[in-house]
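The sequence shown lines up with residues 53 to 289 when you count with the working numbering.
Yeah, the Cβ is synthetic: ideal placement off N, Cα and C, and Gly gets one too.
One structure is given below, encoded as structure tokens.
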Amino acid sequence: MQRHTMIFWGKPKRESFKEISQRAYHVIQLLDSFGEELKPKYFTAFKKSEAEQYDGTYNTLYSHLKRGVNREGNVVFEDLGYKISFFSSMDDERSAGIRLTLGVSHKSFVNTLVVNLPQAVDVYSKHVANNLTNLFKELIGAFNPFWGCIVNDLNVERYEGDLYKNHLPSTVHWLNFFGEDTVNKIGLDKIKQAPFQEVVEVGSGYFLKLKEYPIDDFSSEDVALQAEVNRFLGLSY
């Protein structure tokens, strides 16, 4: 079974909590605008039946995010950021999992946004694929990542489950974002010459679309295209 996950990583950065919470709310609003499939309806809880429903307001997000600071006992580690997570439906097949960590300033860690797409969503349909592409581009602006992708969880096992290796992505995925550092390491000319369907400058880097629809790991053509681009860009595999 092929599942798909949207992932963004952002560089550690010192910010005020107001800046952190406003950015988190912008991200949540974009996910909400996608539709019911990705709408953050409930805060994650130990038992799903006890999950608190999210009312969609900034004030509620602010208070929950504030409580999500990293701590050990009474010791608070603000440099490890603030965590918050949601899910979109009580029906497991229709539920997206949304995990957000912002405010990380420790140089050994990164800010993250991870969205596990619901199994019931047909990512290979034109309508959904187009909407995911538009959402991905909007989230680049809201989250300010240095790298991002929509990964096929089965396909990435071809790369030993590694997302990043030797300071570069281990592979290209269906949708990708390469920040300035990655673009400079690979070379912009090489990226533009690679057989991507779309290469567009967005924010501080480039949005890269491999093909019209997500990678199907059961398709020899998709896997061959992915390998061809990897070789062209000089990625690890």
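Residue from the options with nearest C-alpha to residue i
i, options, result
"residue 60", "150, 138, 115", "150"
"residue 265", "258, 275, 257", "275"
"residue 122", "170, 209, 154, 97", "154"
"residue 290", "90, 142, 116", "Outside the shown range of the chain, which is 53 to 289, sits residue 290, and nothing can be said about it."
"residue 31", "176, 246, 222", "Because the chain in this structure spans residues 53 to 289, residue 31 falls outside the shown range and cannot be described."
"residue 106", "92, 97, 118", "92"
Alpha carbon of residue i to alpha carbon of residue j, nearest angstrom
i, j, result
"residue 65", "residue 166", "18 Å"
"residue 195", "residue 75", "7 Å"
"residue 206", "residue 56", "9 Å"
"residue 271", "residue 147", "26 Å"
"residue 124", "residue 67", "22 Å"
"residue 191", "residue 203", "16 Å"
"residue 173", "residue 185", "14 Å"
"residue 77", "residue 84", "10 Å"
"residue 116", "residue 81", "16 Å"
"residue 108", "residue 133", "22 Å"
"residue 182", "residue 104", "32 Å"
"residue 273", "residue 263", "11 Å"
"residue 135", "residue 268", "32 Å"
"residue 296", "residue 73", "There is no way to answer for residue 296, as the model of the chain reaches only from 53 to 289."
Simplified DSSP assignment, three categories, for residue i
i, result
"residue 116", "helix"
"residue 162", "coil"
"residue 240", "helix"
"residue 122", "coil"
"residue 93", "coil"
"residue 258", "strand"
"residue 265", "coil"
"residue 285", "helix"
"residue 88", "helix"
Exposure of residue i, with buried meaning 16 or more beta-carbon neighbours within 10 Å
i, result
"residue 213", "exposed"
"residue 138", "buried"
"residue 53", "exposed"
"residue 156", "buried"
"residue 129", "exposed"
"residue 249", "exposed"
"residue 222", "buried"
"residue 216", "exposed"
8 Å Cβ cutoff, residue i in contact with chain C
i, result
"residue 191", "No chain C appears in this structure, which consists of one protein chain only."
Uninterrupted beta strand (DSSP E) stretches inside the stretch 145-198 (no shorter than 3 residues): You should have 149-156, 163-168.
Beta strand (DSSP E) segments (min. 3 residues) lying fully within the stretch 204-250: 227-231
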